[in-house]
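Numbering (the UniProt record's numbering), first residue to last: 1 to 233.
Please read the structure below before turning to the comments.
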Amino acid sequence: MPTHSLSTFQLVVSPSDHALSALLAAYYDAGQPARAIQAFRDLSVELSIEPGVVSHNVLLKCMVATEDVVGARQVFDGMTDKAELQPGIVSCNEMLKGYLKRGDYAAFDLLLKEVTGGKRRLKPNVITYKLRMSGLCAKGGSFEAEEMLEAMAANGVPPNSECFNTIIGGLCNEGEVGAAVALFKRTPEVPRPNGKGVSPNFETYIILIKALVENNAFVPTLQQVGVAVPGCQ
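Laid out in structure tokens, this is it:
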């Protein structure tokens with residue numbers, strides 16, 4: 001509980017950035033991002049704590065959750081002005097989530113280009129790729145998002161089930177149910193560090209079943225993938 005977290009924080013003899021970030025995360029997880037933002041501002045001053053990158057990342061997450069994307073960008077840019085607070089790919093991902101939430105794809109693309117090129121050259125992680133896929137799918141570019149799976153493999157970032165769900169959902173929304181099913185059937189073949197493919201989860205099946213039913217293709221597709229349908233053999 002956030003109240004217990006604050007009590008524990010106040011018992012710490014020498015409150016640190018680590019303790020502060022844990023408190024902020026507890027507020028966020030409890031659905032109280034505004035309270036986390038206030039705690040960041042108040043406690044860092046009252047207890048003379050110098051918030052580090054992790055605390056700033058939680059702050060960015062909370063500001064995006066409260067739809068203060070402009071304020072979050074100011075915090076992000078302020079981090080770049082301090083050598084000890086240089087934003088990493090996690091910081092970037094939080095900002096990308098904000099732009100994606102607002103549908104500001106131009107700002108999304110500009111920031112992504114800025115942090116992965118130039119002097120920073122941050123390496124995108126699986127979340128970065130998934131966000132990029134979400135942006136493409138939202139603009140009707142699901143096939144382009146699918147092509148990113150190859151780029152991920154080439155860059156040593158194995159896609160996860162969320163990446164596939166994003167693309168499958170995008171293809172279904174564009175009416176490309178056949179392509180979505182084809183991608184679904186590819187998931188066991190995706191190279192992974194442990195040699196195994198990606199396992200579809202319940203969300204994958206929900207997305208596909210909904211699209212198949214809406215397109216009157218549910219039973220034919222089950223038969224195609226080898227699932228016996230009573231009364232339809």
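Here a beta-carbon is modelled for each residue, glycine too, at the ideal position from N, C-alpha and C.
All values reported here derive from a predicted model rather than from experimental measurement.
I need the boundaries of the alpha helix (DSSP H) containing L149, first residue and last residue.
The sequence position of residue 149 within the sequence shown is 149, counting from 1. Where L149 is concerned, the enclosing alpha helix (DSSP H) starts and stops at S142 to A154.
Neighbour-count burial assignment, H56, 16 or more Cβ in a 10 Å radius
As a first step, residue 56 must be located in the sequence shown, where it is residue number 56. That one is buried.
Could you tell me whether the Cβ atoms of G197 and P188 are closer together than 7 Å?
On the sequence shown, position 197 is the one that residue 197 refers to. On the sequence shown, position 188 is the one that residue 188 refers to. Yes; because the gap between Cβ atoms is below 7 Å, this pair is in contact.
What did DSSP end up calling N216 once you bin it into helix, strand or coil?
If you number the sequence shown from 1, residue 216 lands on position 216. Annotated three-state conformation of N216 is coil, per DSSP.
Backbone CA spacing between A145 and K123 [nearest angstrom]:
Along the sequence shown, read from residue 1 onward, the residue named residue 145 stands at position 145. Along the sequence shown, read from residue 1 onward, the residue named residue 123 stands at position 123. If I take the Cα positions, the gap works out to 18 Å.
When the Cα of Y129 is compared with those of A83, V90, M148 and S142, which residue comes out closest?
In the sequence shown, counting from the first residue as 1, residue 129 sits at position 129. With distances taken between Cα atoms, Y129 lies closest to M148.
By how many angstroms is the C-alpha of N216 removed from the C-alpha of V115?
Mapped onto the sequence shown, residue 115 falls at position 115. Mapped onto the sequence shown, residue 216 falls at position 216. If you draw a straight line from the Cα of V115 to the Cα of N216, it is about 44 Å long.
Just to confirm the assignment, what range does the alpha helix (DSSP H) spanning R41 have?
Along the sequence shown, one-based indexing puts residue 41 at 41. P33 to E46 is the extent of the alpha helix (DSSP H) around R41.
Does the separation of the CB atoms of A19 and Y27 fall below 7 Å?
Position 19 of the sequence shown, counted from the start, is the residue given in the question as residue 19. Position 27 of the sequence shown, counted from the start, is the residue given in the question as residue 27. The answer is no: Cβ separation not under 7 Å.
Quick check on T66: does DSSP put it in helix, strand or coil?
Position 66 of the sequence shown, counting from 1, holds the residue named residue 66. It is coil, neither helix nor strand.
Where do the ends of the alpha helix (DSSP H) carrying L183 lie?
Here residue 183 refers to the residue found at position 183 of the sequence shown. Per DSSP, L183 belongs to the alpha helix (DSSP H) from V177 to R186.
Helix, strand or coil for L100, going by three-state DSSP, please let me know.
What you label residue 100 is simply residue 100 of the sequence shown in a count that begins at 1. DSSP places L100 in helix when its eight states are reduced to three.
Report yes if the C-beta distance between V64 and K97 is below 7 Å; otherwise report no.
Walking along the sequence shown from the start, residue 64 turns up at place 64. Walking along the sequence shown from the start, residue 97 turns up at place 97. Cβ distance < 7 Å, so V64 and K97 count as in contact.
Counted within 10 angstroms of its Cβ, other Cβ atoms place N201 as buried (16 or more) or exposed:
As a working mapping, residue 201 is identified with position 201 in the sequence shown. Taking all protein chains shown into account, N201 has fewer than 16 neighbouring C-beta atoms within 10 Å of its C-beta and is therefore exposed.
In chain order, what residues of the same chain lie with their CB nearer than 8 Å to the CB of G71, ignoring the 5 residues before and after it?
Counting from 1 along the sequence shown, the entry for residue 71 is found at position 71. So the list reads M63, once near-sequence residues are dropped.
Check whether the Cβ atoms of L100 and G135 lie closer than 7 Å to each other.
By one-based count along the sequence shown, residue 100 stands at place 100. By one-based count along the sequence shown, residue 135 stands at place 135. Against a cut-off of 7 Å, the Cβ pair of G135 and L100 comes out as a contact.
May I ask which residues mark the beginning and end of the alpha helix (DSSP H) holding A106?
Numbered from its first residue, the sequence shown carries residue 106 at position 106. Bounds of the alpha helix (DSSP H) holding A106 are Y105 to T116.
L122, DSSP secondary structure in three states:
Working through the sequence shown from its first residue, we reach residue 122 at position 122. Three-state result, L122: coil.
Could you give the DSSP three-state label for A30: helix, strand or coil?
Taking the first residue of the sequence shown as 1, we reach residue 30 at position 30. In this structure, A30 counts as coil in the three-state DSSP scheme.
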